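Student:
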Amino acid sequence: MSGPGRSVRLVELVGSTRLGEVFKRKVRQRRWGVTLVTLGVAAIGLWLFSDILGSTGWSPIKVLELAVFSLLFTTLSFGFTQAFVGFLVLAEGHEPLKITNTLDDHTPLASTAVVMPVFNEDVSTVFGNIRTLYRSLQNRGELETFEFYILSDSTLPERLVEEELAWADLCRQTNGFGRIHYRRRKVPVNRKSGNIADFCRRWGHRHRYMVVLDADSIMTGDSVSSLVRLMEVNPRAGIIQTMPKLVGSETLFGRIQQFASRLYSPLFAAGLNYWQQGAGNYWGHNAIIRMSPFLASCSLPVLPGREPLGGRILSHDFVEAALMRDAGWEVWFAYDLEGSYEGLPPNLTEYIKRDRRWAQGNLQHVWFLLAERVKPISRLHLIQGILAYSSAPILVLFVCLGGIQAALDHFRGHVSTIPLASAVVLALLTLLLLFGPKCLSLLHLFSRPDLLRRFGGPKRALAGVIMETLFSILTAPLLVWFHTRFVLRNIAGQKVVWNTQTRISEAGPGWIQALREYWPVPVAGILFGLLAWWISPLYLLWLTPLLLGLWLAIPIAQLSGRSGILRSLFQTPEEIDPPRELSKSEPLQLRAGDQFVHAVLDPFYNAIHVALQRRRTVRTPELSEHVGGLADKLFREGPAALTAEEKRALLSDGPAVAALHTLIWRTPAEKMNPFWSDALRVYRNERLVPA
Amino acid sequence: MAISPEYLGLLRASISSSPEWKQAWERTNDYLDALRVPADLERELLLLTSFERAIARKRKEPSISATELAFDEAQKALDATLGDLISAKVPADRRSVEERVRLYLMQPTQNSVLSPRNRLSNDVLEALREVRLEAVPRLQQAAIMPRPFVLHTAGERLAAVAGKFSLFGSNRILAWLLGLCLVGLLIYMSL
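Here the protein sequences line up with chains A and B, keeping their order. Mapping to our numbering: the first sequence position 454 is 454, numbers consecutive. So our numbering is basically just the index in the second sequence, starting at one, shifted up by 1000.
(1) Could you tell me the distance, in whole angstroms, from the CA atom of A:Tyr-209 to the CA atom of B:Val-1136?
(2) Can you give the beta carbon distance from A:Pro-509 to A:Thr-251, rounded, assuming they're within the 8 Å contact cut?
(3) Name the DSSP bridge partner or partners of A:Ser-340?
(4) Is the number of C-beta pairs between the region 448-462 of chain A and the region 342-360 of chain A that are closer than 8 Å three or more?
(5) Which residues share a DSSP beta bridge with A:Glu-147?
(6) Are there 16 or more other CB atoms within 10 angstroms of the CB of A:Lys-98, so buried, or fewer, so exposed?
(7) Identify whether A:Val-22 lies in helix, strand or coil by the three-state DSSP scheme.
(8) Using three-state DSSP, classify A:Ala-168 as helix, strand or coil.
(9) If I follow the unbroken beta strand (DSSP E) through A:Ala-334, where does it start and stop?
(10) For the 8 Å Cβ check, are there 3 or more pairs between the region 419-428 of chain A and the region 553-563 of chain A?
(11) Below 8 Å, can you find three or more Cβ-Cβ pairs linking the region 211-219 of chain A to the region 525-545 of chain A?
(12) Mind checking if A:Arg-687 is an interface residue toward chain B, Cβ cutoff 8 Å exclusive?
(13) Within 8 Å, do at least three Cβ pairs link the region 1096-1105 of chain B to the region 589-607 of chain A?
(14) Could you check the C-alpha separation between B:Ala-1143 and A:Lys-186 for me, to the nearest Å?
(15) Taking only beta-carbon positions, decide if A:Gly-361 is within less than 8 Å of chain B.
(16) Check each candidate in B:Ala-1034, B:Arg-1027, B:Asn-1029, B:Ala-1024 and name the one with the smallest Cα separation from A:Leu-590.
(17) Around the Cβ of B:Trp-1176, are there at least 16 other Cβ atoms within 10 angstroms (buried) or fewer (exposed)?
(18) Is the CB of A:Val-126 under 8 Å away from at least one CB in chain B?
(19) Which residues of chain A have a Cβ atom closer than 8 Å to the Cβ of B:Glu-1068, listed in chain order?
(20) Starting from the beta carbon of A:Phe-604, find every residue of chain B whose beta carbon is closer than 7 Å, and list them in chain order.
(21) Taking CB distances under 8 Å as the criterion, tell me whether A:Ala-392 reaches chain B.
(22) Consult DSSP for B:Ile-1086 and reduce its assignment to one of helix, strand or coil.
(23) Leaving aside the five residues before and after A:Lys-192 along the sequence, list all residues of the same chain whose C-beta is less than 6 Å from its C-beta, in chain order.
(24) Can you list, in chain order, the residues of its chain whose CB lies under 7 Å from that of B:Thr-953, leaving out five sequence neighbours each side?
(25) How many Å lie between A:Ala-334 and A:Ser-223 at the Cα?
(26) Output, in chain order, the set of chain A residues within a Cβ distance shorter than 9 Å of B:Ser-1190.
(27) Hey, is A:Ile-608's beta-carbon within less than 8 Å of any beta-carbon in chain B?
(28) Determine the chain B residues that contact A:Ser-299 at a beta-carbon separation under 9 Å, and present them in chain order.
(29) Identify, in the order they occur along the chain, each residue of the same chain with its Cβ nearer than 7 Å to the Cβ of A:Ser-391, setting aside the five sequence neighbours on each side.
(30) Determine the chain A residues that contact B:Arg-1172 at a beta-carbon separation under 8 Å, and present them in chain order.
(31) Per DSSP, which one or two residues make a beta bridge with A:Thr-242?
(32) Does A:Glu-92 come within less than 8 Å of chain B when only Cβ atoms are used?
(33) Rounded to a whole number of angstroms, what is the C-alpha to C-alpha distance between A:Ser-226 and A:Ala-611?
(34) Could you tell me whether any non-hydrogen atom of the ligand ATP is closer than 7 Å to the CB of A:Thr-38?
(35) Quick check: the Cα distance between A:Val-366 and A:Leu-382, rounded to an integer number of angstroms?
(36) Determine the extent of the alpha helix (DSSP H) in which A:Met-467 is found, giving its start and end residues.
Structural data, given as structure tokens:
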């Protein structure tokens, strides 16, 4: 047997005793291979750098510099190795050890919950994405085994009203009552992971699998059905993660990220799967989870100490994958499964805000490196997550140590006599590690004319890569600046506020906003520049690529958030020829304006909202008095008189909202607050606008 | 229903001649607009019969405003028309809400339930009466217990050491001083 047939057989038999050993040996060989290449390349870099440092004698600063360098260079080397292996896998055209080899379209489906935790998200995006998947499964005739859960932790009164109506409208459009569910938690304990845990507690035994989506996740029916089938034929798989493609961006920043991810990710993904196999990771969404082991083993512990580094876990995904692995289940990466998409922050500011949350979440994972019963590969995933942010302060430390050493040499009158050959080779090696994956990705792209055409052709793809590289050179120092601040703040005990992520492709910050948010960055860049120049003009020249991004922070932040710039570049196959699921749109029938006011006045909003409230069997006099007081205040003074909390309290009392609805409609204009009489006119033959 | 055009004309004229009734007319119409009831003959009839009763009540209860009376009468007329759509068991204070829920559900297909031409079949009526808007399915609870977090021996020692130094991290001035001392020491040792 050869080719794909052999690979299918191999993966199928992985669970059997006979071939289990063969598989394990093969995986072990792969892991050793990747480790040796990584360490080999890192050792060359270390040797060259120690040659350079040692040429003028050793000092404690240099020893520390070498230690820091070894950490950074090994990380870089590992990334390159992974991309290189991925390139070879894709070039070979066939990977015998991948989970998708076991896919059989005839495998029966099993009961699956599609869950989407949301927190004050854009309603049309959330419900639109659910509808896309619903319709896609419906078209395939495979809807029967699926149920959809929108798990809301929303706290904005207007947003929760809008969500209720969007749910009703979606169910009405699709005839999805009883299949599309909407649950709102009144107290969003433990954020997203608490939201999922609450779902598991309530309906954990109802389904065999759970597909987790983010608010901006779009999955096709084909991909979700395939995930369920893969689970069914791989009974040891606890989680299967897909590789979501970034889509839907309109801004320059978003489109560059989209382009880069679409072009470079396949190599890294293939390389990642090559060595990790069934010891993969979970990214929190666009993945399928087997409910029974998840319920039994993946409940998150509370970490020692207080937030930001202790307490409740923020980034739950890596930890859940580690717990699943510890319980003896496999975590696979279906990197080549099509039909999995997600959005991304539209501008640099939003991207950095998201990173702030992720940085804190990933730093908490340090505890798991010190914990018992965490598998080595899971520890490696956790280390990678931690280094994604902590490598920024490590890089800053490296630059500072270099600066101090340069200053000492300069002021002691030492002439720098570094071995030129070592310096040139090290520079070339570093460039290779940094830009090699991009070149390999281009090579891979140019070897596939059909794919190249879907990236806009050779000229555009090449120009896109060049511009993206320049952009990443400019933005990298900015990200280093912010990541360093986040990490240091977390270590100093400052925690982040959990804000809603802006996902829609709106315009980026204006010049004033960019100036207000980024002014410390160029100021610091100029100060560093002056310091470097004072030490030595040559040192300033060496630092210029790093400082350039800091000096230009404000224009970069402003321009990258604009749409309409360089539209002909950064095209992706999904942008040029969007799949049916991405291009379809059935707008929700929601009223524009203040949704809280609609909950009181609009007869349908009011009825749906009231019908969805749990009827209180016992009403304490205090509660009735409190809600009655709020309703009276709202009637007399209008919505501006109530706080968000008061609005929520009032909304949670169905009979009070229903009574208020009737009261306002039947009261003559002169006997009530003018706000209400004006608001009522809005309903006069108003046409509904699509949301 | 057979009402003479002359009578309807008279009723309309009397409503538009009084500012109070005119306001009541506008408000009730706005409500029907909000309910997306099409502006057809059935709607006109529902309004006029409601106003007829409201005007009659006004004579007996002059302290109640025309808007209140007209709205109440229109609501009663709606209840009478839509009463078939809901179960008789629905409590009185909940009927209006349940009627509106059913109107909402039927809206895309059934443009005007007020019209006798659009009478619903018995099956549909029966199904509508059984409707109970529920956003979540029945609970099938699972007990999930967080696993205790256990550090290995080296981890415990490291955590203890980190705990001792946490004072420096939580105080910004101390952290800066410590950092500068370390840098100073490093420079001194490298001289």
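Each residue gets a CB set at the ideal place from its N, CA and C atoms; glycine is no exception. Since we're looking at a predicted model, the values are computed, not measured.
Tutor: Answer, in terms of the structure:
(1) Counting from 1 along the first sequence, the entry for residue 209 of chain A is found at position 209. Counting from 1 along the second sequence, the entry for residue 1136 of chain B is found at position 136. Their Cα atoms are separated by approximately 18 Å.
(2) As a position in the first sequence, residue 509 of chain A is number 509, starting the count at 1. As a position in the first sequence, residue 251 of chain A is number 251, starting the count at 1. With 8 Å as the limit, A:Pro-509 and A:Thr-251 do not qualify as a contact, their Cβ atoms being about 11 Å apart.
(3) The residue you call residue 340 of chain A lines up with position 340 of the first sequence. DSSP, once it has assigned bridges, lists A:Met-219 as partnering A:Ser-340.
(4) no
(5) The sequence position of residue 147 of chain A within the first sequence is 147, counting from 1. According to DSSP, A:Glu-147 bridges with A:Ala-113.
(6) Along the first sequence, read from residue 1 onward, the residue named residue 98 of chain A stands at position 98. It is buried - the Cβ of A:Lys-98 has at least 16 other Cβ atoms within 10 Å.
(7) On the first sequence, position 22 is the one that residue 22 of chain A refers to. It is helical.
(8) The sequence position of residue 168 of chain A within the first sequence is 168, counting from 1. It is helical.
(9) As a working note, residue 334 of chain A is residue 334 in the first sequence. Element bounds for A:Ala-334: 330-334.
(10) no
(11) no
(12) On the first sequence, position 687 is the one that residue 687 of chain A refers to. A caution first: A:Arg-687 carries a pLDDT of 43, below 50, which makes its placement in the model unreliable, though a value can still be read off. By this cut-off, A:Arg-687 is not an interface position.
(13) yes
(14) Within the second sequence, numbered from 1, the residue matching residue 1143 of chain B stands at position 143. Within the first sequence, numbered from 1, the residue matching residue 186 of chain A stands at position 186. Near 21 Å, if we compare the C-alpha coordinates of A:Lys-186 and B:Ala-1143.
(15) In the first sequence, counting from the first residue as 1, residue 361 of chain A sits at position 361. So, not an interface residue.
(16) The residue given as residue 590 of chain A occupies position 590 in the first sequence. Of the listed residues, the one whose Cα sits closest to A:Leu-590 is B:Ala-1034.
(17) Here the question's residue 1176 of chain B lines up with position 176 in the second sequence. The residue in question, B:Trp-1176, is exposed, as its Cβ has fewer than 16 Cβ neighbours within 10 Å.
(18) In the first sequence, counting from the first residue as 1, residue 126 of chain A sits at position 126. Chain B, which has no Cβ nearer than 8 Å to the Cβ of A:Val-126, makes this no.
(19) By one-based count along the second sequence, residue 1068 of chain B stands at place 68. Neighbours of B:Glu-1068 on chain A, chain order: Arg-666, Thr-667, Pro-668.
(20) Looking up residue 604 of chain A in the first sequence gives position 604. By Cβ distance, chain B contributes Arg-1100, Tyr-1104.
(21) Along the first sequence, read from residue 1 onward, the residue named residue 392 of chain A stands at position 392. No, A:Ala-392 lies away from the interface with chain B (no Cβ there is under 8 Å from its Cβ).
(22) Counting from one through the second sequence, the residue named residue 1086 of chain B turns up at place 86. Residue state, collapsed to three classes: coil.
(23) The count along the first sequence starts at 1 and reaches residue 192 of chain A at position 192. Pro-117, listed in sequence order.
(24) No answer is possible for residue 953 of chain B: the residues shown for chain B start at 1001 and end at 1191.
(25) Start at 1 with the first residue of the first sequence, and residue 334 of chain A comes out as number 334. Start at 1 with the first residue of the first sequence, and residue 223 of chain A comes out as number 223. Straight-line Cα distance between these residues: approximately 10 Å.
(26) The residue labelled residue 1190 of chain B in the question sits at position 190 within the second sequence. Here the neighbours are Ser-59, Pro-60, Ile-61, Lys-62, Ile-404, Gln-405, Leu-408.
(27) For the purposes of this step, residue 608 of chain A is taken as residue 608 along the first sequence, with counting starting at 1. Taking Cβ atoms only, chain B reaches closer than 8 Å to A:Ile-608, which makes this a yes.
(28) Start at 1 with the first residue of the first sequence, and residue 299 of chain A comes out as number 299. Simply Ile-1144, Met-1145, Pro-1146, Arg-1147.
(29) Translated into positions along the first sequence, residue 391 of chain A becomes position 391. Hits under 7 Å: Leu-72, Thr-75.
(30) By 1-based counting over the second sequence, the position of residue 1172 of chain B is 172. Neighbours of B:Arg-1172 on chain A, chain order: Ala-492.
(31) Walking along the first sequence from the start, residue 242 of chain A turns up at place 242. A:Ala-334.
(32) By one-based count along the first sequence, residue 92 of chain A stands at place 92. Not closer than 8 Å to any Cβ of chain B, the Cβ of A:Glu-92 fails to qualify, so no.
(33) The residue given as residue 226 of chain A occupies position 226 in the first sequence. The residue given as residue 611 of chain A occupies position 611 in the first sequence. Straight-line Cα distance between these residues: approximately 37 Å.
(34) The ligand ATP is not among the ligands present in this structure, which contains no ligands whatsoever.
(35) Within the first sequence, the letter at position 366 stands for residue 366 of chain A. Within the first sequence, the letter at position 382 stands for residue 382 of chain A. Straight-line Cα distance between these residues: approximately 8 Å.
(36) Against the first sequence, residue 467 of chain A aligns to sequence position 467. Looking at the DSSP string, the run of the alpha helix (DSSP H) that includes A:Met-467 is 458-491.
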